[in-house]
Amino acid sequence: GGVHASCVERWVAQHRRRALDAEPPRCSVCRRPYLGYDARPGVNGFLRYVCCKAMKQLARYLVLVTLLIAYQTAAQSLAGSGREGYRMKPVESVLVVLFCLLIGAHKSALLCVSLPMNQLQPQRPLLRFLYVGSPRILSQHIGEMLAADSVLGFWDCMGVIPWFFMLPVLLLSLIPLAKLLAASGGVLQWLRAALRGILMIPCFLAEVFLALFRLLWQHPRQAFHPFGPTWHIGVATATIVLCFLCQSNVSVLALWAAHGSLMFLGLIDLLRSRRLPWQPSIWWAIALQLTFLAAYTAALVCQFPKGVGYPHRTNLVVDGTAMLWLAMFAGFAAAVNRELLHRAYRQWQQRHGRFT
23 GGVHASCVER WVAQHRRRAL DAEPPRCSVC RRPYLGYDAR PGVNGFLRYV
73 CCKAMKQLAR YLVLVTLLIA YQTAAQSLAG SGREGYRMKP VESVLVVLFC
123 LLIGAHKSAL LCVSLPMNQL QPQRPLLRFL YVGSPRILSQ HIGEMLAADS
173 VLGFWDCMGV IPWFFMLPVL LLSLIPLAKL LAASGGVLQW LRAALRGILM
223 IPCFLAEVFL ALFRLLWQHP RQAFHPFGPT WHIGVATATI VLCFLCQSNV
273 SVLALWAAHG SLMFLGLIDL LRSRRLPWQP SIWWAIALQL TFLAAYTAAL
323 VCQFPKGVGY PHRTNLVVDG TAMLWLAMFA GFAAAVNREL LHRAYRQWQQ
373 RHGRFT
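Using this note's numbering, read the sequence shown as starting at 23 and increasing by one per residue.
#1: Can you round the beta-carbon distance between Tyr93 and Val118 to whole angstroms, since I take them to be within the 8 angstroms contact cut?
#2: Taking all protein chains shown into account, decide if Leu20 is buried (16 or more other Cβ within 10 angstroms of its Cβ) or exposed.
#3: When we look at the beta-carbon of Val358 and count the other beta-carbons within 10 Å, is it buried (16 or more) or exposed?
#4: If the criterion is Cβ atoms closer than 8 angstroms, does the pair Pro190 and Ser130 meet it?
#5: Tell me whether Gly23 is buried or exposed, calling it buried when 16 or more other Cβ atoms sit within 10 Å of its Cβ.
#6: Determine which residues share a DSSP beta bridge with Ile328 and list them.
#7: Answer with yes or no whether the minimum CB distance from Gly155 to chain D is below 8 angstroms.
#8: How long is the line joining the alpha carbons of Pro112 and Ser99, rounded to whole angstroms?
#9: Going by the CB atoms, is the gap between Ala61 and Phe187 shorter than 8 angstroms?
#10: Are the region 334-346 and the region 315-323 in contact at 8 angstroms, needing three or more beta carbon pairs?
#11: Which residues in the same chain have their Cβ closer than 7 angstroms to the Cβ of Arg150, if we skip the five residues on either side of it in sequence?
#12: Going by C-alpha to C-alpha distance, which of Pro224, Ile308, Lys75 and Leu232 sits closest to Val257?
#13: Where Gln372 and Lys75 are concerned, what is the direct C-alpha to C-alpha distance, given to the nearest angstrom?
#14: Span of the alpha helix (DSSP H) holding His128?
#15: Which residue or residues does DSSP assign as beta-bridge partners of Ala356?
#16: Alpha carbon to alpha carbon, what distance is there between Val72 and His374?
#17: Count the other C-beta atoms from every protein chain shown that fall within 10 angstroms of the C-beta of Gly126, then say buried if there are 16 or more, exposed otherwise.
#18: Within 10 angstroms of the Cβ of Trp239, are there 16 or more other Cβ atoms? Answer buried if so, exposed if not.
#19: Would Ala316 be called buried (16 or more neighbouring beta carbons within 10 Å of its own) or exposed?
#20: Determine the burial state of Ile290: buried for a count of at least 16 other Cβ atoms within 10 Å of its Cβ, exposed for fewer.
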């Protein structure tokens with residue numbers, strides 16, 4: 023007897039999702055390659071895949087930020103501490119608070135049903151509806167719950183919202199934790215494990231700093247290479263510091279102008295001759311994240327009452343320049359890491375191709 027072609031295609035698809043190489047599909051017994059047609063998605067499919075993932079993550083972030091801002095505004099309106107032009111009506115404030123708490127209760131119930139990870143799916147329809155089996159999606163829910171607790175706790179400490187608006191969100195977060203405590207064998211056992219983890223944190227941090235210092239000591243040229251990402255990380259860090267220290271936008275705009283000029287010259291070399299010894303690595307992704315954080319801080323967090331565009335357009339000038347600077351650095355980092363991006367594209371093609 024033989025095997026069905028559909029079964030072989032399904033097995034090849036599952037194998038490719040876990041494979042790290044780009045070898046053609048082979049028989050697991052005799053190691054001979056299968057004969058067939060390998061249809062792989064093109065650049066349009068890859069760009070669509072990347073844009074969909076980025077838009078989904080951005081949408082989740084925007085929804086979380088919108089809910090937190092709405093909850094803060096409603097809480098301040100009910101407490102009578104908000105600004106006059108931004109206060110809600112009492113009925114609107116109560117509805118917004120109840121809606122946000124309902125979203126938090128849904129997330130708490132979802133974590134209660136899905137934690138601990140890698141457990142079997144419940145049999146009841148309601149619990150099956152709340153169950154999340156993917157560790158990646160479940161980690162996103164946990165991160166969003168912790169982010170909401172952190173932001174509301176910070177607002178409570180700063181006196182932005184009263185403590186009794188922080189309390190129900192904190193209680194909703196403690197329900198999944200109580201379920202984990204019950205599943206781990208009791209509070210004492212969990213406290214022992216938590217104490218051991220807390221005591222190991224200083225040792226872990228010391229080991230990380232020693233490993234980083236050892237890496238910098240053994241490879242100083244790679245760590246501080248003029249054509250690597252280290253200096254761009256320094257520019258992003260300096261941007262954040264200047265945004266909080268300076269009331270004028272001149273220093274920030276001057277830093278971006280100098281950095282943008284150097285990136286423009288680098289892009290000319292990357293797109294034409296590529297004579298300079300550029301250093302592609304995963305650290306460019308960290309530099310891009312810090313650059314995004316710096317642009318976000320300059321555009322949305324800090325205010326500049328003085329500088330270019332005075333008296334009414336100083337913040338507008340910073341907003342437009344920050345978006346241009348971020349887009350330019352993203353293109354520059356992509357040009358430097360073109361080979362790594364091409365390799366990632368080939369691996370994505372291998373995993374999402376269809377063998378028939």
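Even for Gly, the Cβ is constructed at its ideal location relative to N, Cα and C.
According to the structure data:
#1: The C-beta distance from Tyr93 to Val118 rounds to 7 angstroms, short enough to meet the 8 angstroms contact threshold.
#2: Outside the displayed range of the chain (23 to 378) lies residue 20, so it cannot be described from this structure.
#3: Classification for Val358: buried.
#4: No.
#5: Low confidence applies here, because Gly23 scores a pLDDT of 47, under 50, leaving its location unreliable; read the following figure in that light. Residue environment: Gly23 is assigned as exposed (fewer than 16 neighbouring CB atoms within 10 Å of its CB, all protein chains considered).
#6: Inspection of the sequence shows that residue 328 is occupied by Lys rather than by Ile. According to DSSP, Lys328 bridges with Ser270.
#7: Looking at the structure shown, chain D is missing, and only one protein chain is on hand.
#8: Those two C-alpha atoms are separated by around 7 angstroms.
#9: Going by C-beta atoms, Phe187 is not nearer than 8 angstroms to Ala61.
#10: Taking a contact to require three or more Cβ pairs closer than 8 angstroms, the region 334-346 and the region 315-323 qualify as touching.
#11: Cβ neighbours of Arg150 within its own chain (closer than 7 angstroms, five residues either side excluded): Gln143 and Pro144.
#12: Closest option to Val257, Cα to Cα, is Ile308.
#13: Rounded to the nearest whole angstrom, the C-alpha separation of Gln372 and Lys75 is 18 angstroms.
#14: First-last of the alpha helix (DSSP H) with His128: Pro112 to Ser136.
#15: For Ala356, which the question treats as bridged, DSSP gives no partner whatsoever.
#16: Near 13 angstroms, if we compare the C-alpha coordinates of Val72 and His374.
#17: By the 10 Å Cβ count, Gly126 comes out buried.
#18: The C-beta of Trp239 has fewer than 16 other C-beta atoms within 10 Å across all chains shown, which makes the residue exposed.
#19: In summary, Ala316 is buried, with 16 or more beta-carbon neighbours lying within 10 Å of its beta-carbon over all protein chains present.
#20: Exposed, since its Cβ has fewer than 16 Cβ neighbours within 10 Å.
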